[in-house]
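Student: Residue 50 in our numbering sits at position 36 of the sequence shown, and the numbers go up by one each step.
Got a structure for you, questions after.
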Amino acid sequence: MAKAGAQVILVSGYDGGTGAAPRNSIHNAGLPWELGLAETHQTLIMNGLRNKVRIETDGKLMSGRDVAIAAILGAEEFGFATAPLVTMGCVMMRVCNLDTCPVGVATQNPELRKNFRGKPEYVMNFMKFIAQELREYMAKLGVRSVDELVGHTELLKIKDHLTEAQKQVDLSLILNNPYVGGKEKVTFDPKQVYDFKLENTVDEKVLLRQLSGAMKTGSKRSIEVDVKNTDRAFGTILGSEITRTLGDDLEEDTYRVLCSGAGGQSFGAFIPKGLTLELVGDSNDYFGKGLSGGKLIVYPPKGSRFKAEENIIIGNVALYGATSGKAFINGVAGERFCVRNSGAVAVVEGVGDHGCEYMTGGRVVVLGRTGKNFAAGMSGGIAYVLDEDSDLYMRINKEMVSSHELDNKYDVLELKEMIKEHVALTNSEKGKMILDHFKDYLPKFKKIIPHDYEKMLATIVQMEEKGLSAEQAQIEAFYAIKAARS
């Protein structure tokens, strides 16, 4: 990890984690953070890499003493989750995934949420006590800063009174750190961080150089470039410069980049409005991550012998956290497609498990099969899914989302227009077939929409019919639904 350029390494112990995990995982999986932390710290020193990364640890740190021990074993940063949850009222029922939390911490049930009594001040006070206890231990050990604790295992000793079983545990590899007092740097040095050599990226060497003139004049420009799977975050630096220089009100396709090859991790991440990346080939995970108004198009090369609609063309977690923009994918996406999408429009020809999870806005069209757990936690937006086998209902949580046939002319028009644009940009054979026989395919489409979102949209329409503006209608609809629940 350190050689690959990671700047923080997290060693997470078995004792923390979510109450949503299976009981056998909670009780029987994992190891203490003390073991992993000591080994990580010593191994990094052994390889001359310790000064390049920060080490963080978590896993039910509950006291200042825990923090002191973690620092002595090599940690410089410390994560807290379970303890702050308890200060907010969590009673560790371990039903976080069932929407039945009795104290209102991990639930969307309005009745149970009334039981929540937590306040931010409780967490603030707790962390102050943690810091105070840590400072007391540091005073006893004769050190003035946390940095003076890091890696100094000579400050630890085994308790005098142990049971027979405890005496059998050999802690020598943890306590007898051979690097204590050596010349090796045992803490993170910001000056020694990994140099990602951004000046050597395609964005810096090709895209910015070729488009800088057009960006100065505001004129449109198209270029072509080859990409390979080691080109991470292709287009992101260019997108950042476009936003910094020209703002976010450019016309669509102001700058168009035609790419050929295999896109790397995070291809097109965060690209803004006005930038279009068209990829002839395939792409890795995190395709279009955080899409912010730009347009992404991907399709196989001409002459490909396989059926695009039956083959993966982009990896997992595509369009994660997208806020706006468009994506047209002539092929199948991996798992967790459009997770936490809040405003982007996407057309794809199949997705893996957990598609549209936690989606809060936008539109998604799936012209093929979905994996399990589709639309889990979805609270906004709409997905139109081609359900040719009539089994989509088995892969969604009907308590959270509804599945309807498209009986609204506006939904039908929206679906058809999105498929038309998809075909125009990708030359999709599956899309063409659907458009050519649209009347036959239309009954096979399902509209997936969250219950509350559906009620909200219906109420907004009612308010607009009363003569309210769109903005005022949304406000009044919110209060109307809130009043109906109370």
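Heads up, the beta-carbon is just placed ideally off N, CA and C, and yes, glycines get one too.
These numbers were taken from a predicted model, which means no experiment stands behind them.
According to DSSP, is GLY165 part of a helix, a strand, or is it coil?
Tutor: Numbered from 1 along the sequence shown, position 151 holds the residue referred to as residue 165. Note: GLY165 maps to coil in three-state DSSP.
Student: So is HIS436 buried or exposed if we call it buried at 16+ other beta carbons inside 10 Å?
Tutor: Indexing the sequence shown from 1 puts residue 436 at position 422. Buried.
Student: Tell me LYS461's beta-bridge partners as DSSP assigns them.
Tutor: Counted from its first residue, the sequence shown places residue 461 at position 447. According to DSSP, which records beta bridges pairwise, LYS461 is partnered with TYR398, HIS418.
Student: Tell me whether the segment 421 to 437 and the segment 474 to 483 touch, counting them as touching only if at least three CB pairs, one residue from each stretch, are closer than 8 Å.
Tutor: Result no; under three Cβ-Cβ pairs closer than 8 Å.
Student: Given this structure, state the Cα-to-Cα distance separating VAL361 from ASN330, to the nearest angstrom.
Tutor: Reading the sequence shown from its first residue, position 347 is the one you call residue 361. Reading the sequence shown from its first residue, position 316 is the one you call residue 330. Roughly 16 Å separates the two Cα atoms.
Student: Expressed to the nearest angstrom, what Euclidean distance is found between the alpha-carbon atoms of MET432 and GLY395?
Tutor: Residue mapping note: residue 432 aligns to position 418 of the sequence shown, counting from 1. Residue mapping note: residue 395 aligns to position 381 of the sequence shown, counting from 1. Cα-Cα distance, rounded: 15 Å.
Student: How would you label GLY348, buried or exposed, when you count the other beta carbons within 10 angstroms and need 16 or more for buried?
Tutor: Along the sequence shown, one-based indexing puts residue 348 at 334. Flag for GLY348 reads buried.
Student: Does DSSP put VAL239 in a helix, a strand or coil?
Tutor: On the sequence shown, residue 239 is found 225 positions in, with the first residue counted as 1. Three-state result, VAL239: strand.
Student: Please name the residue in VAL353, ARG79, VAL117, GLU323 whose C-alpha comes closest to that of ASP299.
Tutor: Your numbering for residue 299 matches position 285 in the sequence shown. Cα-wise, what sits closest to ASP299 is VAL353.
Student: Would you list the residues sitting across from LYS309 in a DSSP beta bridge?
Tutor: Mapped onto the sequence shown, residue 309 falls at position 295. Answer is THR290, LYS340.
Student: May I ask which residues mark the beginning and end of the beta strand (DSSP E) holding LEU24?
Tutor: Locating residue 24 in the sequence shown gives position 10, where the first residue counts as 1. Looking at the DSSP string, the run of the beta strand (DSSP E) that includes LEU24 is 22 to 26.
Student: Is it buried or exposed for SER297, if we count other Cβ within 10 angstroms and need 16 for buried?
Tutor: In the sequence shown, residue 297 corresponds to position 283, counting from 1. Looking at its Cβ environment, which holds 16 or more other Cβ atoms inside 10 Å, SER297 is buried.
Student: Hey, how far is the Cα of GLY504 from the Cα of PHE202?
Tutor: Residue numbering for the chain in the displayed model covers 15 to 500; residue 504 lies beyond these limits and cannot be assessed.
Student: What residue does the alpha helix (DSSP H) around ARG377 start on, and which one ends it?
Tutor: For the purposes of this step, residue 377 is taken as the residue at position 363 of the sequence shown. Run containing ARG377: none in the alpha helix (DSSP H); it sits in the beta strand (DSSP E), 374 to 380.
Student: Does the count of Cβ pairs from the segment 68 to 76 and the segment 87 to 104 closer than 8 Å reach three?
Tutor: Yes, the segment 68 to 76 touches the segment 87 to 104.
Student: Using a Cβ-Cβ cutoff of less than 8 Å, which residues in the same chain neighbour ILE327 once the five nearest sequence positions on both sides are dropped?
Tutor: Locating residue 327 in the sequence shown gives position 313, counting from the first residue. Closer than 8 Å at Cβ, skipping near neighbours: ASP296, SER297, VAL312, TYR313, PRO314, ILE343, ASN344, GLY345, VAL346, ALA347.
Student: Check the C-beta distance from GLY275 over to LYS242 and give it rounded, since I have them as a contact under 8 Å.
Tutor: Your numbering for residue 275 matches position 261 in the sequence shown. Your numbering for residue 242 matches position 228 in the sequence shown. Right, their Cβ atoms sit about 5 Å apart.
Student: Going by the beta-carbon positions, is the gap between SER417 and ILE410 smaller than 9 Å?
Tutor: As a working mapping, residue 417 is identified with position 403 in the sequence shown. As a working mapping, residue 410 is identified with position 396 in the sequence shown. A contact, by the Cβ cut-off of 9 Å.
Student: Does the Cβ-Cβ distance between PRO98 and PHE140 come in under 9 Å?
Tutor: Indexing the sequence shown from 1 puts residue 98 at position 84. Indexing the sequence shown from 1 puts residue 140 at position 126. The answer is yes: Cβ separation under 9 Å.
Student: Skipping 5 residues on each side, what residues in its chain have a beta carbon closer than 7 Å to that of GLU402?
Tutor: What you label residue 402 is simply residue 388 of the sequence shown in a count that begins at 1. Correct list, in chain order: LYS458.
Student: Let me check one thing: in DSSP terms, what residues is ALA347 bridge-paired to?
Tutor: Position 333 of the sequence shown, counted from the start, is the residue given in the question as residue 347. For ALA347, which the question treats as bridged, DSSP gives the partners ILE328.
Student: For ASP296, which three-state DSSP category applies?
Tutor: Locating residue 296 in the sequence shown gives position 282, where the first residue counts as 1. Three-state result, ASP296: strand.
Student: Please give me, in chain order, every unbroken run of the alpha helix (DSSP H) with length at least 4 that falls completely inside the segment 441 to 485.
Tutor: Correct list: 443 to 450, 452 to 455, 465 to 479.
Student: Would you say VAL207 and LYS66 are within 9 Å of each other, going by their C-beta atoms?
Tutor: Numbered from its first residue, the sequence shown carries residue 207 at position 193. Numbered from its first residue, the sequence shown carries residue 66 at position 52. Taking 9 Å as the Cβ cut-off, VAL207 and LYS66 qualify as a contacting pair.
Student: Specify, as a first and last residue, the run of the alpha helix (DSSP H) that ILE59 falls within.
Tutor: Mapped onto the sequence shown, residue 59 falls at position 45. Where ILE59 is concerned, the enclosing alpha helix (DSSP H) stretches over 47 to 60.
Student: The beta strand (DSSP E) with ILE69 in it runs from where to where?
Tutor: Along the sequence shown, one-based indexing puts residue 69 at 55. Residues 68 to 72.
Student: What are the complete beta strand (DSSP E) segments, minimum 3 residues, inside the segment 219 to 263?
Tutor: Correct list: 235 to 241.
Student: Measuring CB atoms only, is the segment 38 to 48 touching the segment 215 to 229, in the sense that at least three cross pairs come out at less than 8 Å?
Tutor: The segment 38 to 48, when compared against the segment 215 to 229, does not touch it at the 8 Å Cβ threshold.
Student: Please identify the residue among THR57, LYS287, GLY375, LYS461 whose C-alpha is closest to the C-alpha of ARG270.
Tutor: In the sequence shown, the residue the question calls residue 270 occupies position 256. Out of THR57, LYS287, GLY375, LYS461, LYS287 has the C-alpha closest to the C-alpha of ARG270.
Student: Should LYS340 and LYS303 be called a contact, given that it needs their Cβ atoms to be closer than 9 Å?
Tutor: Within the sequence shown, residue 340 is the residue found at index 326, counting from 1. Within the sequence shown, residue 303 is the residue found at index 289, counting from 1. Cβ atoms of LYS340 and LYS303: not closer than 9 Å.
Student: If you follow the alpha helix (DSSP H) that VAL515 is part of, which residue opens it and which one closes it?
Tutor: Shown here, the chain extends from 15 to 500; a query on residue 515 therefore has no answer.
Student: So the beta strand (DSSP E) ARG270 belongs to, where does it begin and stop?
Tutor: Indexing the sequence shown from 1 puts residue 270 at position 256. First-last of the beta strand (DSSP E) with ARG270: 269 to 277.
Student: Note down the Cα distance separating ILE251 from ASN123, rounded to an integer number of angstroms.
Tutor: Reading the sequence shown from its first residue, position 237 is the one you call residue 251. Reading the sequence shown from its first residue, position 109 is the one you call residue 123. For ILE251 and ASN123, the distance between alpha carbons rounds to 42 Å.
Student: The alpha helix (DSSP H) that contains ALA360, what's its start and end?
Tutor: The count along the sequence shown starts at 1 and reaches residue 360 at position 346. Where ALA360 is concerned, there is no enclosing alpha helix (DSSP H), although the beta strand (DSSP E) it sits in stretches over 356 to 362.
Student: Apart from the five residues on each side of it in sequence, which residues of its chain come closer than 7 Å, Cβ to Cβ, to MET15?
Tutor: To locate residue 15, count along the sequence shown from 1; it is residue 1. ILE23.
Student: Which residues does DSSP pair with PHE388 in a beta bridge?
Tutor: Counting from one through the sequence shown, the residue named residue 388 turns up at place 374. Answer is ILE410, bridged to PHE388.
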